[in-house]
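In this text, residue positions in the sequence shown follow my numbering: the first is 1431, and each later residue adds one. C-beta atoms are modelled at their ideal positions from N, C-alpha and C, and glycine is treated no differently. Note that the coordinates shown come from a computational prediction; the quantities given were computed from them, not determined experimentally.
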Amino acid sequence: MNKSPGLDAVLIPLKSVQDGKRAKAQAALTEWKARAEVAKLVESTWKEAVKAAVKDGAEPPKRPASANPGPEPIMPRLHVTDITVEKLAVILAAQPRGTLVARDELAGWLQSMSRYSGGGSDRPFWLEAYGGRPHSVERMGRESVYVDRLAVGVLGGTQPDRLRTLLLKADDDGLLARFFPVWPNPAPIQRPTRAYDEGLIERAIERLWALEMPTDDEGNKRPWFVPFTDEARDLLDDFRKQVRDWEGEAEGLLLSFIGKLPGLAVRMSLVLGMLDWAAGDADAEPHNVTPYHFGRAAHLVESYLLPMARRAYADAAGTKGERAGRRLVALIREQGWTRFYARDVRRIERQGLARMEDINPGIEALTEGDLIRPLEMDGNPKGGRPQRLFAVNPIVHKVQA
């Protein structure tokens, strides 16, 4: 409930800052377009002069400086919504700071990634976006786009039921583990006593945008590197040991999420430090991650974000047999089966039930729970492995999970 207002509290100030910067950039873009038109004419005239010189055996003239209008000004994109990977790569190639993708409905966005025929998918792009590493996006019929550092934040919401379905059907390729799921209890209904400070958020965004990016030896912009102090490294080592203990108590998608927690806490420590400075609570931007920064991040992860993840992943955090059993129950209801062969399940090629090594744990779990029962079968007259037939307990179709 109330997901969109929560997102708007961040996105409205962000859009306000973006609109102001785009208005300034528009003037520069208009001026550049005028120069570009003149440059086309100069380029055309120069080419004709070169042709004539070559024809007469004379020295070709040098290309005039006015034939180059210079780089096209960048229209700032602090956040985007419904956008293709190809277009996003173009934006990121020109805007090394990265950007934010904000989606009101995340489940549909995640499910639409495998939208290309031939087995293609956008998932590799988003897996790389987490690490900020170089990435090349190939485009049919057009030149590929190379992004020096693929840095994209993703923010959005979804309903618990859709999240549950998404978790149960998703591949465990690490993409979901890169998100912080937040699922709080409903807040008491009461009239707000004060408004949030939209101006503070805008000022913080302006300060962050004003940070200068250094350049490398080739003149390309790159991020600052903010190292950990020795004391902060010690805290990180302790946190990694704690995470290892949490991993021993988890399975499935929750285990994948917990495995990402050291890296997530590292990122969060810098975010918290930058927010202190951007909001005016610190005199200077952090040039080191201190124990104060990392300690706050680790506390936030342990006391709030990990419990939120445990709640969100509850339906997908069971054993392999339990997860396969849930998928099998959903398939039985969908197909209306009162009895089925194990091979019937495999033939449908449902996500997580496409191989017998995935199906068998689910069959065992449902058999132990008395939700299905194996039936006696006569021997296969053609020889080979006997078919396995199961009867479905009618309660499966009466009680919804």
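Legend entry - Burial state of MET1704, where buried means 16 or more other Cβ atoms lie within 10 Å: buried
Inset, instruction - Answer with buried or exposed for LEU1735, where buried requires no fewer than 16 other C-beta atoms within 10 angstroms of its C-beta. - result: buried
Legend entry - Environment of ARG1621 [buried if 16+ CB atoms lie within 10 Å]: exposed
Inset, instruction - Give a yes or no on contact between the region 1439-1449 and the region 1626-1637, applying the rule of three or more CB pairs nearer than 8 Å. - result: yes
Legend entry - Three CB pairs or more closer than 8 Å across the region 1528-1546 and the region 1582-1598: yes
Legend entry - Entirely enclosed alpha helix (DSSP H) segments - the region 1516-1588, minimum 4 residues: At a cut-off of 4 residues, the continuous stretches assigned as alpha helix (DSSP H) that sit fully inside the region 1516-1588 are 1536-1541 and 1553-1559.
Inset, instruction - Taking MET1543 as the reference, give the member of GLU1478, TRP1556, ALA1519 and ARG1507 with the closest Cα. - result: TRP1556
Inset, instruction - Could you please give the first and the last residue of the uninterrupted beta strand (DSSP E) stretch that includes PHE1609? - result: For PHE1609, no beta strand (DSSP E) encloses it, and the DSSP letter there is neither H nor E.
Inset, instruction - For the alpha helix (DSSP H) containing ALA1494, list its first residue and its last residue. - result: One point to set straight first is that residue 1494 is Pro, not Ala, in the sequence displayed. Looking at the DSSP string, PRO1494 is not in any alpha helix (DSSP H), and its letter there is neither H nor E.
Legend entry - Close-in-space but distant-in-sequence residues of the same chain around VAL1515 (CB under 7 Å, 5 per side omitted): ASP1552, PHE1555 and VAL1567
Legend entry - Pairwise C-alpha distance: VAL1612 and MET1431: A direct Cα-Cα distance of roughly 13 Å separates MET1431 from VAL1612.
Inset, instruction - Helix, strand or coil for PHE1658, going by three-state DSSP, please let me know. - result: strand
Inset, instruction - Using a threshold of 8 Å, state whether the C-beta atoms of LEU1691 and ARG1726 are closer than that. - result: no
Legend entry - Exposure label - HIS1729; buried when at least 16 CB within 10 Å: exposed
Legend entry - Cross-strand partners of TYR1771 (DSSP beta bridge): LEU1819
Legend entry - Backbone secondary structure at PRO1804 - three-state DSSP: strand
Inset, instruction - State yes or no: is the C-beta of LEU1783 within less than 8 Å of the C-beta of LEU1761? - result: Their beta carbons are under 8 Å apart, which means LEU1783 touches LEU1761 by this criterion.
Inset, instruction - Please name the residue, chosen from LEU1606, GLY1629 and PRO1503, that lies closest to ALA1439 on a Cα-to-Cα basis. - result: Distance from the Cα of ALA1439 is smallest, within the candidate group LEU1606, GLY1629 and PRO1503, for GLY1629.
Inset, instruction - May I have the straight-line CA-CA distance separating ARG1507 from LYS1485, to the nearest angstrom? - result: Between ARG1507 and LYS1485, the C-alpha separation is close to 48 Å.
Inset, instruction - Check HIS1827 in the structure and name its three-state DSSP category. - result: Looking at HIS1827 - three-state DSSP - the assignment turns out to be helix.
Inset, instruction - Return yes when at least one heavy atom of the ligand GDP lies under 7 Å from the C-beta of LEU1557, else no. - result: In the structure shown, the ligand GDP is absent, as is every other ligand, since no ligand is present at all.
Inset, instruction - Select from TYR1560, ARG1465 and LYS1517 the residue whose C-alpha is nearest the C-alpha of ARG1697. - result: TYR1560
Inset, instruction - Can you grab the Cα-Cα spacing for the pair SER1699 / PRO1716, in whole Å? - result: 11 Å
Inset, instruction - Starting from MET1698, follow the alpha helix (DSSP H) in both directions and report where the run begins and ends. - result: Counting along the chain, MET1698 sits inside the alpha helix (DSSP H) bounded by residues 1691-1708.
Legend entry - Beta bridge counterpart(s) of THR1511 as assigned by DSSP: Answer is none; THR1511 lacks a bridge partner.
Inset, instruction - Check whether the region 1759-1779 touches the region 1816-1831, taking contact to mean three or more Cβ pairs, one atom from each stretch, closer than 8 Å. - result: yes
Legend entry - Three or more C-beta pairs below 8 Å linking the region 1569-1583 and the region 1517-1535: yes
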